[in-house]
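Residue numbering for the sequence shown follows UniProt numbering, beginning at 1 and increasing consecutively.
From the three backbone atoms N, C-alpha and C, an ideal C-beta is built for every residue, glycine too.
Notes follow the structure.
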Amino acid sequence: MINRAIRICSTYNLLSNELDEIRRITKLNGYPRTFVDTLIGVLLNKMLVSNHYTAVNNIKKDNSKKIRLIVDVPFVKNSSKVLSKKLTYLTKTIKSECDLKIIMRPPKSIGSFFQVKDNIPNLLESNLVYAVNCNDCSGSYCGKTERQVCRRLVEHGAPKCVLEPSSASAPTQSLSGPLKKTKTGVTSYSNATNLRRFSRIANKNKNNLTTVSNLSLSDDYDSTSDTMTVKQNKSAISKHISDTRHKINWDGFKILFKDNNPYRLLIKESLAILSHKPKLNNTVRSIPLFIFPEGIRKNLIKDPGG
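Rendered as structure tokens:
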């Protein structure tokens, strides 16, 4: 009955009236007054203690909602520690509701100012969406490849001499770029006849050689039958070249997107085709576009024709 009165009563006056009613009922039932008063006191103490803990927890929650500030400080031995202590002290005295976190970061290393790896030429890039334009008309083509783009352009019909990257030439030393190791040729041993097992190996190679002589071609020999058959290219660019005899600007190809994920690469290719609508593409998209079914704005994608 006492617990019920404590839980239900919303004010102290109602609680006092309810406790007096409990004393009256217990007296009629033969309970001693001291026993009832002791039990009421114990339960009231429990209620006060629980209310006190609830108030303390609410204060802690309010204190936990402090403004968090993060400050980056360069690490310079003892100077950084002194500075961080002063900043913490000023923050507590001026604005105590702020929680200041100081992060000491080391300075950049010398190696970060130099380029360690060589830049990959555009023709040797892979996992990208590319665009090629026609020199004789306004036609353009957008495609994707997971291989090196030079290999894909050769499959479209580009001459190999045009697509040779400049980096494939012989390496040269320059003072402006990073140092490169160059391999030097190994000089042959001048007195090879005195080497061990030289004569035996020379005789072995001589015996393995076969000579072919007295070869003659017949008059009815067809030289064209000995040539290598080239697989017919069925790409849209090669079809455009064969139909119109136009020239493609292979050197001016553009890289629109790069991505190592094949699925995302298909999405980016579809977005490029849908936004710019290149004339040489036979397909509208490479994969269904669920998030951007109508494409995205043109200014978010490089213009293949401009």
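*For Ser80, I'd like the list of residues in its chain whose CB is within less than 8 Å of its CB, leaving aside the five on either flank, ordered along the chain.*
Residues of the same chain with a CB within less than 8 Å of the CB of Ser80, apart from the 5 flanking positions on each side, are Val73, Pro74, Met104 in chain order.
*asked:* Quick check: Ser259 and Leu265, are their CB atoms within less than 7 Å of each other?
replied: As written in the sequence, residue 259 is Asp, which differs from the Ser given in the question. Taking the C-beta atoms as reference points, Leu265 is found nearer than 7 Å to Asp259.
*Assign Phe253 to buried or exposed, taking buried as 16 or more other Cβ atoms, counted over all protein chains shown, within 10 Å of its Cβ.*
With 16 or more other Cβ atoms within 10 Å, it is buried.
_Classification of Ser275 by the beta-carbon crowding that lies within 10 angstroms, buried from 16 upward_ = The C-beta of Ser275 has 16 or more other C-beta atoms within 10 Å across all chains shown, which makes the residue buried.
_Among Ser242, Lys144, Thr91, whose alpha-carbon lies nearest the alpha-carbon of Val129?_
Nearest option by C-alpha distance: Lys144.
*Sheet register partners of Asp72 (DSSP bridge)*: BP columns for Asp72 point to Ile103.
*Under 8 Å Cβ to Cβ from Ile273, same chain only, skipping five residues before and after it: list those, please.*
Counting only Cβ-Cβ distances below 8 Å, and skipping sequence neighbours, we find Cys142, Asn281, Thr283, Val284, Arg285, Ser286.
*Any chance the segment 240-257 sits against the segment 122-137, with 3 or more Cβ pairs inside 8 Å?*
Counting Cβ pairs under 8 Å, three or more are found: they touch.
*Secondary structure at residue 310, three-state DSSP: helix, strand or coil?*
Any property of residue 310 remains undetermined from this structure, which presents the chain solely from 1 to 306.
*Which residues share a DSSP beta bridge with Thr88?*
Paired residues: none, contrary to the question.
*Please go through the same chain and pick out, in chain order, the residues whose beta-carbon is closer than 7 Å to the beta-carbon of Ser270, but skip the five residues on each side of it.*
Apart from the 5 residues on each side of it in sequence, Ser270 sits with its Cβ closer than 7 Å to the Cβ of Arg285, Ser286, Ile287, Leu289 in its chain, given in chain order.
*Any idea if Pro106 is buried or exposed, counting beta-carbon neighbours within 10 angstroms, 16 or more meaning buried?*
It counts as exposed.
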